[in-house]
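Colleague: Input: one structure, supplied below.
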Amino acid sequence: MRILVVEDDSEAAMHVSKGLREAGHVVDHALDGEVGLNMAGAGDYDAYVIDRMLPKLDGVSLLTRRRSGGDETPALFLSALGEVDDRVIGFKAGGDDYLVKPYAFPELLARVEALGRRRTQAPSLTTRYAVGGLEIDVITRTVRRDGRKIDLQPREFRLLEYLMRHAGQVVTRTMLLENVWEYHFDPQTNVIDVHISRLRSKIDKDFDKALLKTIRGSGYTISDQD
Amino acid sequence: MFRILRTTTFSFTIIYVFVFAIAVGLLALLFYQNTFGVMSKQTDDIVDQEIAVLSEVFSTEGAGFLRRVVNERAAWRDDGLYLLIAEPAGAVLSGNLTALPPQAVNAGEGFIDFSFERPLLDAAGREIGVETRKARGKIRRFKPAPDADQSFLVFVARDISTREDLRRRTQSNMARIGLATIALGIVVGLVFSQALLRRVDSVNRTAKLIRDGDLSKRIALTGAGDELESLAINLNAMLDQIERLMEGMKEVSDNIAHDLRSPLSRIRGRLTEALKGDAEDKEAALRATLNDAENMIVTFNALLSIARIESGEGAGAMEAVDLKPIAEEMVELYEPAAQEAGFELQLKAAPAPPVRASRELIGQALANLLDNSLKYAMGGTTIRIDIRTGSNGRVLLSVLDDGPGVPAEERGSVVNRFVRLEQSRTTPGSGLGLSLVSAIARAHRGALTLGDSFSSAAERRGLKVTLALPAFGRA
Numbered sequence: 005m006r007i008l009v010v011e012d013d014s015e016a017a018m019h020v021s022k023g024l025r026e027a028g029h030v031v032d033h034a035l036d037g038e039v040g041l042n043m044a045g046a047g048d049y050d051a052y053v054i055d056r057m058l059p060k061l062d063g064v065s066l067l068t069r070r071r072s073g074g075d076e077t078p079a080l081f082l083s084a085l086g087e088v089d090d091r092v093i094g095f096k097a098g099g100d101d102y103l104v105k106p107y108a109f110p111e112l113l114a115r116v117e118a119l120g121r122r123r124t125q126a127p128s129l130t131t132r133y134a135v136g137g138l139e140i141d142v143i144t145r146t147v148r149r150d151g152r153k154i155d156l157q158p159r160e161f162r163l164l165e166y167l168m169r170h171a172g173q174v175v176t177r178t179m180l181l182e183n184v185w186e187y188h189f190d191p192q193t194n195v196i197d198v199h200i201s202r203l204r205s206k207i208d209k210d211f212d213k214a215l216l217k218t219i220r221g222s223g224y225t226i227s228d229q230d
Numbered sequence: 004m005f006r007i008l009r010t011t012t013f014s015f016t017i018i019y020v021f022v023f024a025i026a027v028g029l030l031a032l033l034f035y036q037n038t039f040g041v042m043s044k045q046t047d048d049i050v051d052q053e054i055a056v057l058s059e060v061f062s063t064e065g066a067g068f069l070r071r072v073v074n075e076r077a078a079w080r081d082d083g084l085y086l087l088i089a090e091p092a093g094a095v096l097s098g099n100l101t102a103l104p105p106q107a108v109n110a111g112e113g114f115i116d117f118s119f120e121r122p123l124l125d126a127a128g129r130e131i132g133v134e135t136r137k138a139r140g141k142i143r144r145f146k147p148a149p150d151a152d153q154s155f156l157v158f159v160a161r162d163i164s165t166r167e168d169l170r171r172r173t174q175s176n177m178a179r180i181g182l183a184t185i186a187l188g189i190v191v192g193l194v195f196s197q198a199l200l201r202r203v204d205s206v207n208r209t210a211k212l213i214r215d216g217d218l219s220k221r222i223a224l225t226g227a228g229d230e231l232e233s234l235a236i237n238l239n240a241m242l243d244q245i246e247r248l249m250e251g252m253k254e255v256s257d258n259i260a261h262d263l264r265s266p267l268s269r270i271r272g273r274l275t276e277a278l279k280g281d282a283e284d285k286e287a288a289l290r291a292t293l294n295d296a297e298n299m300i301v302t303f304n305a306l307l308s309i310a311r312i313e314s315g316e317g318a319g320a321m322e323a324v325d326l327k328p329i330a331e332e333m334v335e336l337y338e339p340a341a342q343e344a345g346f347e348l349q350l351k352a353a354p355a356p357p358v359r360a361s362r363e364l365i366g367q368a369l370a371n372l373l374d375n376s377l378k379y380a381m382g383g384t385t386i387r388i389d390i391r392t393g394s395n396g397r398v399l400l401s402v403l404d405d406g407p408g409v410p411a412e413e414r415g416s417v418v419n420r421f422v423r424l425e426q427s428r429t430t431p432g433s434g435l436g437l438s439l440v441s442a443i444a445r446a447h448r449g450a451l452t453l454g455d456s457f458s459s460a461a462e463r464r465g466l467k468v469t470l471a472l473p474a475f476g477r478a
C-alpha cells in the first residue's frame, strides 16, 4: 500500500513510517497540514494517516478539503482527543477510523491495513467470505468448514464475520471491541482473548489446520497462510 | 451611601414611586372634581333658582310683595341662604346681610365670591365673638315699573364656608398623603436597595477573595430561600465544580509525576546498565523497557480518561439509556472470561426507568467493575450485576461478588487514584479502575458506594459496588 502520513512530530512520524515500511508499505511523510494537502493531491495513495492537530492546516480541515474534491482515499485520524464528540467530528470530516494517542504501533498498523482493504473491495456487496476451507454467508448467517456446518452464537458469528472481512490482516483487541461490541475503551483483561479461544474451539479444533491465529503483541488474524 | 442611589433596586423603586404618585394624583383629581365641582354647581343652581322665584314673585305680585317675601326668607338664618334688598348704589334696605359686598356693586349679574364677618352667637343667642363666613351669590336689578326711575337690587347668596373649609382641608390632606407616599417610597427603596446591596456585596467580597487565590471560600447563605439564595447556591455549586476540577488537574499532574516518574527512572537505570552489557543484556533491557512503556501508556490513558470524564467532556452525549441492555452486553462480553476464571456471571434486572447516561461510559464502568471482581474476588464463585430502582428516583446498578470484600475502613481510599490494597499489589493493573468508575458516577451526577455483598457477619463478606444514577428527567 502507498500510505501518506501527516504528522508534525518528526520523531513519531519517523517511527510510524519505519514501522509501516517494515510491514511492506510505501510511505510518504508530511510535517504540516499544507504540505500534507499538496502531497495528497499529487500522489495516488491507498490510505492517509493524519494527525488532528497540525501546523498551518489542521487534520480535519485537510481531509474535509480532500473529500470535497472527490478524494475517497480511506483516512485514519491520530489524535490526543479521544472523546465520543471528537470521534464524531473526525468521522463527519470523512475519516474512516480514529486512533487515540498514545497508541501501540501494532494497533496503528492493523487499522491502516484494514482501511486499505476497504478500498479494494466494496464490503457491503460481499455477502460470502471464504478462507481455506472456512466459508461464511452473511445473509443466511451460516458457517461451514470443509462442507461441515458449524453452529455459532450470534456474537461469535459477528466476531468471525469481522475477522473474515479482514482475512489476512491483523485485527487488534480494541478493533474487535469497537466493531463487534461497539464500545470504545481498552479491554483491560483477557475478555476478548477468551471469546477468540471459544471461537477457535468451534472452527479450528476438529481440523488439521488452524486458521485463526494469534499474532503476539498485536492481535489476531484469520488466514490459511503459515 | 451614594452607591445605594445607583443600585438597580433603587432606580426601580423611584420609577415605581413616580408612576404610583401620578396614578394617585389622577385619582385624587378625579375625586376632587367630582365632589367639589358638583357641590359648586349645586350652590349656583340654588342661587339661580332663588332669583328665578323672586323674579316670578316680582313680575306677578310687584315690588312690595317681593320685599315681604325677601324679609320672610331672610329671617331663616340657618339654611345658609343670604338675601338682601338694596338701593342701586348699595345702601341696604332690608335682608339678612348687613352690607352689600363691595365687589357686588360692580360685578354686573355674574357670580361673586365674598366673605364677611358676623357675630358669633352661642346656643342661648348671646354674642360671643365674630366669625368670618364665606359665601357666593349674584345680583339682580329690578325696576318697579318700566317708567320708574327708582330701581332696586336683590342680592342672593349661599353660604359656602363649610364647603370651602372642607375643600381646603381636602387639598392639604391630599398634599400630605402625596408627600408621605413619595417619602415612604424613597425610604422603602433605600431599605430594599440596602438589603440587596448587602447581599450582592457579600457575593462580590467572596468573588474577590476567590480571585485573590482562596478557592475554598463560599458565598454565605442567608436561608431566605429566594432567588438570590438560589443564585448563591448555584454559584457555590459552580465554585465546588471549579475547585474539584482544579484539584483534579493538580491530582492528575501529581499522579502523572508519581506514577510515571518511577518507571521512567527505572527505564533510565536499566538502559544505562544495558549499554555496558552484552547483546543479550541489551535485548533483555529493551524487552523490559517495552513492557514498562506499554504499562505507562495504559496508566496514562486511564489518567486522561478520568480527567476528561471529570471535566464533564462528553457529557453532551448523555441521553435516556436503559441499563439492562448495557448490562446484558457486558455479561455477554465477560461471560467467557468469568467462566475461565471460575466464576458464574449473573444478571438480575428488576424493571427500572431509563437513566440519563452515556452508554459508552456505563459500559466502561461495568467493564472496570467486572475486571476488578475477576481480579480480586479470589476464591469466589459468583459475580452478579444487579439493577433495581432505589429511593429518590435513582436507579441502582451494582456489581456483587463473593470474594474477600474490602474492609470498611479501606473503602474510602480504594476509590482514590492509585490506591491498591496491600494484598493486591502483585496483580497487574494501573490502580485506576475504581477511580475511573467514581469519575463516571460523578459525571452522571450519581454516586459510587462500596459495601458488603452479604449482610450477615460471614467470614467472606464479598464486595458490592453500587452506582446510584439519577433516572432520566430527574437529574
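Taken in sequence, the protein lines are chains A and B.
Read left to right, the first sequence gives residues 5 to 230 (this note's numbering).
Read left to right, the second sequence gives residues 4 to 478 (this note's numbering).
For glycine and all other residues, C-beta sits at the position ideal for the given N, C-alpha and C.
#1: Residues of chain B with CB under 9 Å from GLY19/A, in chain order?
#2: Taking C-alpha atoms, which residue in LEU84/B, ARG143/B, LEU124/B and ILE54/B lies nearest to GLU90/B?
#3: Between THR292/B, THR46/B and PHE303/B, which lies nearest to TYR107/A when the distance is taken from Cα to Cα?
#4: If you count every other CB in all the chains shown that lies within 10 Å of the CB of GLU425/B, and 16 or more means buried, which is it?
#5: Along the chain, which unbroken stretches of the alpha helix (DSSP H) at least 4 residues long are found entirely within the region 157-198 of chain B?
#6: Note down, in chain order, each residue of its chain lying with its Cβ closer than 7 Å to the Cβ of LYS327/B, except the 5 sequence neighbours on either side.
#7: Specify, as a first and last residue, the run of the beta strand (DSSP E) that TYR107/A falls within.
#8: Let me see if you follow: with CB-CB separation under 7 Å, is PRO339/B close to chain A or not?
#9: Is there contact between the region 8-28 of chain B and the region 196-206 of chain B, where contact requires at least three CB pairs shorter than 8 Å?
#10: Once DSSP output is grouped into helix, strand and coil, what is the label at PRO122/B?
#11: Out of GLU38/A, SER227/A, ALA118/A and VAL198/A, state which residue places its alpha-carbon closest to the alpha-carbon of GLY136/A.
#12: Quick check for students: name the residue ranges of the beta strand (DSSP E) that lie wholly in the region 282-341 of chain B, counting only runs of 3 or more.
#13: Could you pull out every residue in the same chain whose Cβ sits closer than 8 Å to the Cβ of ALA444/B, ignoring the five residues on either side in sequence?
#14: Entirely within the region 342-411 of chain B and at least 4 residues each: give me those alpha helix (DSSP H) ranges in chain order.
#15: Measuring only between beta-carbons, confirm whether ILE300/B sits less than 7 Å from chain A.
#16: Is ARG220/A close to chain B, meaning its C-beta is less than 7 Å from at least one C-beta of that chain?
#17: At a Cβ threshold of 7 Å, is TYR224/A touching chain B?
#18: State the CB to CB distance for the pair GLU53/B and LEU84/B, rounded to an integer number of angstroms; the pair is presumed to be in contact (CB under 8 Å).
#19: Output the distance between the C-alpha atoms of GLY216/B and MET321/B, rounded to the nearest integer angstrom.
#20: Using beta-carbon positions only, say whether ARG91/A and TYR102/A come within less than 7 Å of one another.
#21: Since PHE457/B contacts ARG464/B with CB under 8 Å, what's their CB separation in whole angstroms?
#22: Got a sec, what are the start and stop residues for the alpha helix (DSSP H) VAL20/A sits in?
#23: Restricting to runs no shorter than 3 residues, where is the beta strand (DSSP E) found entirely within the region 50-84 of chain A?
#24: Report the start-end ranges of each alpha helix (DSSP H) in the region 219-275 of chain B that is 4 residues or longer and not cut off at the edges.
#25: Return the residues of the region 108-123 of chain A that lie within a Cβ-Cβ distance of less than 8 Å from chain B, sorted by chain order.
#26: For the region 26-38 of chain B against the region 167-181 of chain A, do three or more pairs of beta-carbon atoms, one drawn from each stretch, fall closer than 8 Å, so that the two count as touching?
#27: Using the beta-carbon count (16 or more within 10 Å), is GLU130/B buried or exposed?
#28: Of the residues that make up the region 272-305 of chain B, which ones have a beta carbon closer than 8 Å to any beta carbon in chain A?
#29: Taking Cβ to Cβ, would you say PHE81/A is nearer than 7 Å to GLY98/A?
#30: Could you work out which residue in GLY345/B, LEU30/B, GLU335/B and LYS378/B is closest to LEU181/B when comparing CA atoms only?
#31: Since VAL159/B and LEU86/B are thought to touch, with beta carbons under 8 Å apart, how far apart are those beta carbons, to the nearest angstrom?
#32: List the residues of chain B whose Cβ lies closer than 7 Å to the Cβ of VAL195/A, in chain order.
#33: Is GLY393/B closer than 7 Å to LEU400/B when the C-beta atoms are compared?
#34: Would PRO158/A count as contacting chain B if we go by Cβ distances under 7 Å?
#35: Evaluate the contact criterion for the region 156-171 of chain B versus the region 42-61 of chain B: three or more CB pairs, one atom per stretch, below 8 Å.
#36: Determine the closest residue to LEU306/B out of TYR379/B, SER256/B, ASP295/B and GLU276/B, with distance taken between C-alpha atoms.
Modeller: Let's see:
#1: It is His, not Gly, that sits at residue 19/A in the sequence shown. Under the 9 Å cutoff, chain B gives no residues; its nearest Cβ is about 12 Å from HIS19/A.
#2: Closest by alpha carbon: ARG143/B.
#3: Cα-wise, what sits closest to TYR107/A is PHE303/B.
#4: For GLU425/B, the predicted structure reports a pLDDT of 41, less than 50, and the residue's modelled location is therefore unreliable. A value from the coordinates is still provided. Per the 10 Å Cβ criterion, exposed.
#5: Counting only runs of 4 or more, we get nothing.
#6: Cβ neighbours of LYS327/B beyond the five flanking positions: ALA352 and ILE390.
#7: Careful: TYR107/A lies outside any beta strand (DSSP E) and carries neither H nor E.
#8: Chain A contact via Cβ: present.
#9: Contact between the region 8-28 of chain B and the region 196-206 of chain B is present, because at least three Cβ pairs lie under 8 Å.
#10: Residue state, collapsed to three classes: strand.
#11: Checking every option, the nearest Cα to that of GLY136/A belongs to SER227/A.
#12: DSSP runs (the beta strand (DSSP E)) wholly in the region 282-341 of chain B: 322-324.
#13: Around ALA444/B: ALA368, ALA450, LEU451, LEU470, ALA471 and LEU472.
#14: The qualifying runs are 362-379.
#15: With 7 Å as the cut-off, ILE300/B counts as an interface residue toward chain A.
#16: Output row for ARG220/A: interface = no.
#17: It does not; no Cβ of chain B falls within 7 Å.
#18: About 7 Å; that satisfies the 8 Å criterion.
#19: Cα atoms of GLY216/B and MET321/B: separation of roughly 34 Å, rounded to the nearest angstrom.
#20: With a cutoff of 7 Å on beta-carbon distance, ARG91/A and TYR102/A are scored as near each other.
#21: In this structure PHE457/B touches ARG464/B by the C-beta definition: roughly 6 Å separates them, less than 8 Å.
#22: Element bounds for VAL20/A: 14-26.
#23: Runs found: 51-55 and 79-83.
#24: Counting only unbroken stretches of 4 or more residues, no alpha helix (DSSP H) element lies wholly within the region 219-275 of chain B.
#25: Here the close residues are ALA108.
#26: Verdict: no, contact absent.
#27: The residue is exposed, with fewer than 16 neighbouring Cβ atoms inside 10 Å.
#28: Those would be GLU297, ILE300, VAL301, PHE303 and ASN304, in chain order.
#29: Going by C-beta atoms, PHE81/A is not nearer than 7 Å to GLY98/A.
#30: The question names Leu, but residue 181/B is Gly in the sequence shown. Looking at GLY345/B, LEU30/B, GLU335/B and LYS378/B, the one whose alpha-carbon comes closest to that of GLY181/B is LEU30/B.
#31: At roughly 6 Å, the Cβ-Cβ gap stays under 8 Å, so VAL159/B and LEU86/B are in contact.
#32: Think of a sphere of 7 Å around the beta carbon of VAL195/A: the chain B residues whose beta carbon falls inside it are LEU336, TYR337 and ALA340, in chain order.
#33: No, the pair does not count as a contact, with Cβ atoms beyond the cut-off.
#34: No - not a single Cβ of chain B is within 7 Å of the one on PRO158/A.
#35: Short answer: they touch.
#36: The candidate whose alpha carbon is nearest that of LEU306/B is SER256/B.
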